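J.:
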Ligand code: NAD
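Set out below in structure tokens:
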């Protein structure tokens, strides 16, 4: 069993702690690695390395930064399948899905390759007589990323390519459940020519996170994970004067109108609910059947759910892998039981699934629950498993009200052939990312990703223009080059343009 170490200042280290975490292969249920868990001293070592590297990196020319980013892009692009295998072995998702997350991360790296344009300031010639005004943006310092298990490559890539391109240095604290992808990435950065200390990885749990939040050398914190921890991160980082963006959990609704192509809608709902075993923050976990759409839609969804091929992520025949841990499996199964006990109809039951040859794997089959009401646990809880709950409502406005009454506001989708209904929906829902006949509306890298309400604490979404803004701060320069003869024009009244 190998030990997964921190990457600090350009080399691997096991740090100062003896604490270790177990990393499982969810398809077999066996522990395959142990991961070192950082102490506050280890976090301090990483931040100190990042602070030292910031001195030069923040002064590196745009041209130098861009060259390294392009090198890095090429290296990640050439290693997609290696990364996908690492992800699949620790997370459980199928290889094609793992490769897809790397691809979406690559798009952020490609966005960051355009940093010379993204950092262009503005210039106003002759703002006042003989006076020019211009602005530009500077890096903020050491930035930290704290990330969840469900996208071990993509979610960190929402953060560090942009932060580093902007001239910052970075300390990543990935999920302790699937930490290997981050170390693989650290080696690729080094190979790309990134100076030591610009990108660091510390592994760990709450101890490491709290040390990041308390460290005076950390200027900005980007977090992605569950809502209770996102709220905590936002409060703690704000209290210590850091910039913070903390993305939380989700309950994403897809509404289906009777005028939709129901076969298309059912296919996309099924894929969006069960892809990656439902462990996506943009997974559709609540279907909202409007008016007469319900029965026909449920028939189609049930048929499609029963045909999903569940198996180990490494098997190309598998469409859906296991969930991440035994505890996650137990929690998901108990929530399905709670739904049943509270009166919902379990039309497809994924509990107790065993996959031949992988009897100890953490598998839960696709589950379809109908006649769900908003007070049931399957509706109020973020299940984060392959469970699709269906609520039935009378009309579009009731569907919009339902979505707006939910505390989360990450993503949502509508299936319809009515432009009028789609427009009413896109304007009416209090949600950050909206799909129209698109079930998982993850924005392209050159837009920004983020939800509303309990799905995001902080002002800025990640990557895209808001990411650049988060990782930089503005300077505005007002400049005059006076002739000596103008020196006598100084005045005590507040400066106004002339
Ligand atoms: P999590 O909140 O348990 O963990 C996220 C990170 O926080 C990890 O690095 C973990 O080590 C750390 N952490 C956990 N408990 C902590 C504590 N008590 N104090 C300080 N740090 C702690 O989330 P997870 O289970 O890894 O990931 C799943 C969650 O992430 C889901 O809720 C999902 O919706 C959410 N998520 C949201 C988005 C988004 O864009 N909004 C994207 C991906 C995942």
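Residue numbers (this note's numbering): 536 to 1033. Idealized CB from N, CA, C, for every residue including glycine. For clarity, every value in this text was computed on a predicted model and none was experimentally measured.
(1) Which first and last residues belong to the beta strand (DSSP E) in which residue 902 is found?
(2) From what residue to what residue does the alpha helix (DSSP H) around residue 940 run?
(3) Cβ atoms of residue 784 and residue 603: under 8 Å apart, would you say?
(4) Can you tell me where the beta strand (DSSP E) with residue 579 in it begins and where it stops?
(5) Are residue 858 and residue 812 touching if we call contact CB-CB under 8 Å?
(6) Quick check: the region 615–630 against the region 699–718, are there 3 or more CB pairs under 8 Å?
(7) Use the C-beta contact count for residue 958: other C-beta atoms within 10 angstroms, 16 or more gives buried, fewer gives exposed.
(8) Which whole runs of the beta strand (DSSP E) in the region 825–890 are 3 residues long or more, in chain order?
(9) Does the ligand NAP have a heavy atom nearer than 7 Å to the CB of residue 941?
(10) One question on the structure: do residue 539 and residue 580 come within less than 8 Å of each other, judged by their Cβ atoms?
(11) Classify residue 724 as buried or exposed, calling it buried when 16 or more other Cβ atoms lie within 10 Å of its own Cβ.
(12) By a C-beta neighbour count over all protein chains shown, 10 Å radius and 16 as the cutoff for buried, is residue 905 buried or exposed?
(13) With DSSP collapsed to three states, give me the class of residue 946.
(14) Between the Cα of residue 682 and those of 693, 913, 675 and 676, spot the shortest distance and give me the residue it belongs to.
(15) Looking at the structure shown, is residue 971 part of a helix, part of a strand, or coil, going by DSSP?
(16) Considering only the beta carbon of each residue, do residue 779 and residue 944 sit closer than 8 Å?
(17) In or out: residue 703 buried (at least 16 other Cβ within 10 Å) or exposed?
(18) With 16 other CB atoms within 10 Å as the buried threshold, where does residue 865 fall?
(19) Less than 7 Å separating the Cβ of residue 678 from some heavy atom of the ligand NAD?
(20) Reducing DSSP to helix, strand and coil, say where residue 681 ends up.
(21) Which same chain residues end up closer than 7 Å to residue 985 when comparing Cβ atoms and leaving out the 5 residues on each side of it in sequence?
(22) Taking all protein chains shown into account, do 16 or more other C-beta atoms lie within 10 angstroms of the C-beta of residue 652, making it buried, or fewer, making it exposed?
(23) Quick one: what does DSSP say residue 599 is sitting in, helix, strand or coil?
(24) Relative to the alpha-carbon of residue 587, which residue among 620, 559 and 545 has its alpha-carbon at the smallest distance?
(25) Distance, Cα to Cα, residue 775 vs residue 757?
(26) Taking the beta strand (DSSP E) that residue 804 belongs to, which residues open and close that run?
(27) Could you name each continuous alpha helix (DSSP H) segment of 4 residues or more that falls completely within the region 727–789, going from the start of the chain to the end?
(28) Are there any heavy atoms of the ligand NAD lying less than 7 Å away from the beta-carbon of residue 718, as far as the coordinates show?
(29) What residues are listed by DSSP as bridge partners for residue 1010?
(30) If you follow the beta strand (DSSP E) that residue 1016 is part of, which residue opens it and which one closes it?
(31) Is residue 865 close to the ligand NAD? I mean its beta-carbon at under 7 Å from any heavy atom of the ligand.
(32) Using 8 Å as the Cβ pair cut-off and three pairs as the minimum, do the region 665–682 and the region 753–772 touch?
(33) Is it buried or exposed, residue 989, if we count other Cβ atoms within 10 angstroms and call 16 or more buried?
(34) Using 8 Å as the threshold, is the C-beta distance between residue 569 and residue 558 below it?
(35) Closer than 7 Å: is that where the CB of residue 986 sits relative to any heavy atom of the ligand NAD?
T.: Working from what's here:
(1) Boundaries of the beta strand (DSSP E) harbouring residue 902: 902–905, taken from the DSSP string.
(2) Element bounds for residue 940: 931–940.
(3) No, these two residues do not count as a Cβ contact at 8 Å.
(4) Taken as a continuous stretch (DSSP letters only), residue 579 belongs to no beta strand (DSSP E), being part of the alpha helix (DSSP H) at 575–592.
(5) Residue 812 sits close to residue 858, with the two beta carbons spaced by under 8 Å.
(6) In short, these stretches touch, since the Cβ pair count reaches three.
(7) Residue 958 is exposed by the Cβ-count criterion.
(8) Entirely contained in the region 825–890, the beta strand (DSSP E) runs reaching 3 residues are, in chain order, 880–883.
(9) The ligand NAP is not part of the structure shown, which contains the ligand NAD as its ligands.
(10) Taking 8 Å as the Cβ cut-off, residue 539 and residue 580 do not qualify as a contacting pair.
(11) Its Cβ being crowded by 16 or more others within 10 Å, residue 724 is buried.
(12) Around the Cβ of residue 905, a 10 Å sphere holds 16 or more other Cβ atoms; the residue is buried.
(13) Strand.
(14) Among 693, 913, 675 and 676, the Cα nearest to that of residue 682 is on 693.
(15) In the displayed model, residue 971 falls within a strand according to three-state DSSP.
(16) No, the pair does not count as a contact, with Cβ atoms beyond the cut-off.
(17) Residue 703 should be labelled buried.
(18) Burial call: exposed.
(19) Residue 678: no, Cβ never under 7 Å from the ligand NAD.
(20) Residue state, collapsed to three classes: strand.
(21) Answer for residue 985: 782, 967, 991, 996 and 997, listed in chain order.
(22) Around the CB of residue 652, fewer than 16 other CB atoms lie within 10 Å, so the residue is classed as exposed.
(23) Reduced to three states, the DSSP call for residue 599 is helix.
(24) For residue 587, the closest C-alpha among the options 620, 559 and 545 is that of 545.
(25) Approximately 14 Å between the Cα atoms of the pair.
(26) Careful: residue 804 lies outside any beta strand (DSSP E), inside the alpha helix (DSSP H) at 797–809.
(27) Complete alpha helix (DSSP H) runs here, min 4: 741–749 and 762–774.
(28) No.
(29) In the DSSP output, where bridge partners are listed per residue, residue 1010 has 671.
(30) First-last for residue 1016: undefined, no H or E at that position.
(31) No - the ligand NAD has no heavy atom lying nearer than 7 Å to the Cβ of residue 865.
(32) The region 665–682 vs the region 753–772: in contact.
(33) With 16 or more Cβ atoms within 10 Å of its Cβ, residue 989 is classed as buried.
(34) The answer is yes: Cβ separation under 8 Å.
(35) Answer for residue 986: yes, Cβ within range of the ligand NAD.
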